[in-house]
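A.B. asks: I have a structure here, written as structure tokens, and I will follow up with some questions on it.
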Amino acid sequence: MRKSLPAHGSPWSVLEPTMESMTKADIDWRKGRSPMYVFYTTDSVYEVATKAFMKYFTENGLGNAKAFLGVGQMERDILDMGLSLFHAPDTGVGTMTTGGTESLLLAVKTCRDWSRTHRPQARKPNIVAPMSVHPAFDKAAHLMDIEIRRTPLASDCRADPKAMAAAIDENTIMLVGSAPCFPHGVIDPIADLSALAVERHLWLHVDACVGGYLAPFARKLGYPVPEFDFGLPGVWSMSADLHKFGHCPKPASTVFYRTPELHAFQKFDNAEWSGGRMITQTYVGTRPGGAIAAAWAVMNHLGEEGYLAISRRLLEMSKAYVQGVNAIPGLKVVGDPHLSIVSYQSVDADLPIATVAERLREKGWLIGMTRAPSAIVTMLSLLHEPVREEYLRDLRQAVEAVRAAAKPSTATAQPTYN
Ligand SMILES: *Cc1c(COP(=O)(O)O)cnc(C)c1O
Numbered sequence: 286m287r288k289s290l291p292a293h294g295s296p297w298s299v300l301e302p303t304m305e306s307m308t309k310a311d312i313d314w315r316k317g318r319s320p321m322y323v324f325y326t327t328d329s330v331y332e333v334a335t336k337a338f339m340k341y342f343t344e345n346g347l348g349n350a351k352a353f354l355g356v357g358q359m360e361r362d363i364l365d366m367g368l369s370l371f372h373a374p375d376t377g378v379g380t381m382t383t384g385g386t387e388s389l390l391l392a393v394k395t396c397r398d399w400s401r402t403h404r405p406q407a408r409k410p411n412i413v414a415p416m417s418v419h420p421a422f423d424k425a426a427h428l429m430d431i432e433i434r435r436t437p438l439a440s441d442c443r444a445d446p447k448a449m450a451a452a453i454d455e456n457t458i459m460l461v462g463s464a465p466c467f468p469h470g471v472i473d474p475i476a477d478l479s480a481l482a483v484e485r486h487l488w489l490h491v492d493a494c495v496g497g498y499l500a501p502f503a504r505k506l507g508y509p510v511p512e513f514d515f516g517l518p519g520v521w522s523m524s525a526d527l528h529k530f531g532h533c534p535k536p537a538s539t540v541f542y543r544t545p546e547l548h549a550f551q552k553f554d555n556a557e558w559s560g561g562r563m564i565t566q567t568y569v570g571t572r573p574g575g576a577i578a579a580a581w582a583v584m585n586h587l588g589e590e591g592y593l594a595i596s597r598r599l600l601e602m603s604k605a606y607v608q609g610v611n612a613i614p615g616l617k618v619v620g621d622p623h624l625s626i627v628s629y630q631s632v633d634a635d636l637p638i639a640t641v642a643e644r645l646r647e648k649g650w651l652i653g654m655t656r657a658p659s660a661i662v663t664m665l666s667l668l669h670e671p672v673r674e675e676y677l678r679d680l681r682q683a684v685e686a687v688r689a690a691a692k693p694s695t696a697t698a699q700p701t702y703n
């Protein structure tokens, strides 16, 4: 039956337990059961983020230029910190958004509008991107009537620059690489893509949504993370989510451009409205002041030192997961993950990974899977640090259970996926 608004209101003392009972059966993310959706860093980050978020909960980013100048300054500080991290030239410009999808929609829209002026020969624009880029690009392409050409990956699951070069034609307006891609956790060869973009005079967008605020610190710590940012001349725009490994609360992301001339094509300027002229940089209008304030607070709370310390923990933990998974006979980590996304597949015909996933689900773990290759994907945050042994033990048991069940009871029994 459809609910209607209750006739009488209730106080928090009634609402809170009701909501707690509604969410009781949700995945227990605090115990590291979710390999996606949530990030938890440290108790002090959580505390600072919560306080800042709630303090500026009512402010609206839409009014940053006229009413909430302080929140506007916080936003400029956040963008400056991002531009510095990503080695943008002095001309670099950015915009804060509500998430990776919005950042990517904006980058594509900006590139499309820039191309209308600067590449008029591209009448039916297309974007050339490796198979592994996030579906937000398909969403953008769908919304803007752009074709998206996904090219096959190299054997290490990274973009294949040759395949991308072959897909380019006179209608191509953008090349994309990920740092890293979500399904396999590997950073595309951005230096090669940058060279290709320079050679063809094409716009290269680097989608660093998931890894943008982790990769610079990993590089600084000496982990083998390839160059991926504005230090490469072909990179014209980048997206990086604060609400992932930036350790900031949702919704918060950033999109950056090499020059103001590119960024100029981002804004939406409307003078037709009876309400007057309205200029916005983002897809959304109202934007949460709380998320801006919390991002500012978290970045300044952690500082470079804090990000380095957390990044080291994340990378050491990821290495331990990789070793633990590879130590289980029949399983193999996909590619050579650069940061903290680890995915693994089965290398034995009698060990269907989908059945291993089923057994893990029965043990209370939420499981993410990739299609090609068929693999289990885990995005590791510090929530997964204390449960590593438990996860690997459950995984080993799941593998053993699948093998035991797959033992043919008759000579003709075949392993099946289900
Ligand atoms: C998460 C992610 C996105 C989309 O970000 P949302 O914040 O979920 O909209 C885009 N690209 C990559 C690589 C991602 O991991």
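Count along the sequence shown from 1, then add 285; that gives the number in my numbering.
Where is the CB? At the ideal position from N, CA and C, for every residue including glycine.
Looking at the secondary structure, which residues open and close the beta strand (DSSP E) in which Y629 lies?
C.D. replies: 626–631
A.B. asks: Helix, strand or coil for W581, going by three-state DSSP, please let me know.
C.D. replies: helix
A.B. asks: Let me confirm a value: R404 is counted as buried when at least 16 other C-beta atoms fall within 10 Å, else exposed. Which label applies?
C.D. replies: buried
A.B. asks: Which value, in whole angstroms, describes the spacing of the CA atoms of E557 and A407?
C.D. replies: 29 Å
A.B. asks: Measuring only the C-alpha atoms, how far is T395 from A634?
C.D. replies: 47 Å
A.B. asks: Is P415 near M459, with beta carbons less than 8 Å apart?
C.D. replies: no
A.B. asks: In chain order, which continuous runs of the alpha helix (DSSP H) of length 4 or greater are located wholly inside the segment 393–443?
C.D. replies: 421–429
A.B. asks: In chain order, which beta strand (DSSP E) runs of at least 3 residues are fully inside the segment 445–528?
C.D. replies: 457–463, 488–492, 520–526
A.B. asks: Starting from F338, trace the beta strand (DSSP E) both ways and give me its first and last residue.
C.D. replies: That residue, F338, is in no beta strand (DSSP E); its alpha helix (DSSP H) goes 328–340.
A.B. asks: In terms of residues, what are the limits of the alpha helix (DSSP H) holding M359?
C.D. replies: Run containing M359: 354–370, per the alpha helix (DSSP H) assignment.
A.B. asks: Starting from the C-beta of G609, find all residues in its chain whose C-beta is less than 6 Å away, skip the five residues before and the five after it, and write them out in chain order.
C.D. replies: L677
A.B. asks: Of the choices G348, M359, R318, P320, whose alpha-carbon is the least far from that of F338?
C.D. replies: M359
A.B. asks: Could you give the uninterrupted runs of the beta strand (DSSP E) lying entirely in the segment 629–656, keeping only those of 3 residues or more?
C.D. replies: 653–655
A.B. asks: Where F513 and M664 are concerned, what is the direct C-alpha to C-alpha distance, given to the nearest angstrom?
C.D. replies: 20 Å
A.B. asks: Starting from M307, trace the alpha helix (DSSP H) both ways and give me its first and last residue.
C.D. replies: Membership of M307 in the alpha helix (DSSP H) is indicated by the continuous run 297–307.
A.B. asks: Round the Cβ separation of M710 and R504 to the nearest angstrom and send it over; I've been treating them as touching at under 8 Å.
C.D. replies: This structure cannot speak to residue 710, because the chain is shown only from 286 to 703.
A.B. asks: Under a three-way DSSP split, which group does R678 fall into?
C.D. replies: helix
A.B. asks: Would you check whether ligand 1 has a heavy atom nearer than 7 Å to the C-beta of D514?
C.D. replies: With a threshold of 7 Å, the Cβ atom of D514 does not count as near ligand 1, since no heavy atom of the ligand is closer than that.
A.B. asks: Which first and last residues belong to the beta strand (DSSP E) in which L616 is found?
C.D. replies: 616–618
A.B. asks: Give a yes or no on contact between the segment 492–506 and the segment 584–599, applying the rule of three or more CB pairs nearer than 8 Å.
C.D. replies: The count of Cβ pairs closer than 8 Å, one atom from the segment 492–506 and one from the segment 584–599, reaches three, so the stretches are in contact.
A.B. asks: Taking the alpha helix (DSSP H) that E557 belongs to, which residues open and close that run?
C.D. replies: Unbroken run through E557: none, as it is neither H nor E.
A.B. asks: Can you pull the DSSP bridge partners for N345?
C.D. replies: P573
A.B. asks: Cβ atoms of T382 and S538: under 8 Å apart, would you say?
C.D. replies: The Cβ atoms of S538 and T382 lie closer than 8 Å to each other.
A.B. asks: Hey, quick one: how far does the beta strand (DSSP E) through Y542 stretch, first residue to last?
C.D. replies: 538–542
A.B. asks: Expressed to the nearest angstrom, what Euclidean distance is found between the alpha-carbon atoms of D365 and L391?
C.D. replies: 19 Å
A.B. asks: What did DSSP end up calling P700 once you bin it into helix, strand or coil?
C.D. replies: A caution first: P700 carries a pLDDT of 47, below 50, which makes its placement in the model unreliable, though a value can still be read off. In this structure, P700 counts as coil in the three-state DSSP scheme.
A.B. asks: Shorter than 7 Å, the distance from the beta carbon of D554 to the closest heavy atom of ligand 1, or not?
C.D. replies: no
A.B. asks: K529: beta carbon under 7 Å from a heavy atom of ligand 1?
C.D. replies: yes
A.B. asks: Once you ignore the five residues that flank I577 on each side, which residues in its own chain have a CB closer than 6 Å to its CB?
C.D. replies: G346, V356, M359, E360
A.B. asks: Report buried or exposed for S295, applying the criterion of at least 16 other Cβ atoms within 10 angstroms of its Cβ.
C.D. replies: exposed
A.B. asks: V662 by DSSP, collapsed to three states: which one?
C.D. replies: strand
A.B. asks: Any idea what DSSP makes of A689, helix, strand or coil?
C.D. replies: helix
A.B. asks: How many angstroms separate the CA atom of E410 from the CA atom of H532?
C.D. replies: Per the sequence shown, residue 410 should be read as Pro rather than Glu. Distance between the alpha carbons of P410 and H532 is about 36 Å.
A.B. asks: Kindly list the residues whose CB is nearer than 6 Å to the CB of F530, restricted to its own chain and excluding five residues on each side of it in sequence; keep chain order.
C.D. replies: Y498, L499
A.B. asks: State buried or exposed for G561, treating a residue as buried only when at least 16 other CB atoms are found within 10 Å of its CB.
C.D. replies: exposed
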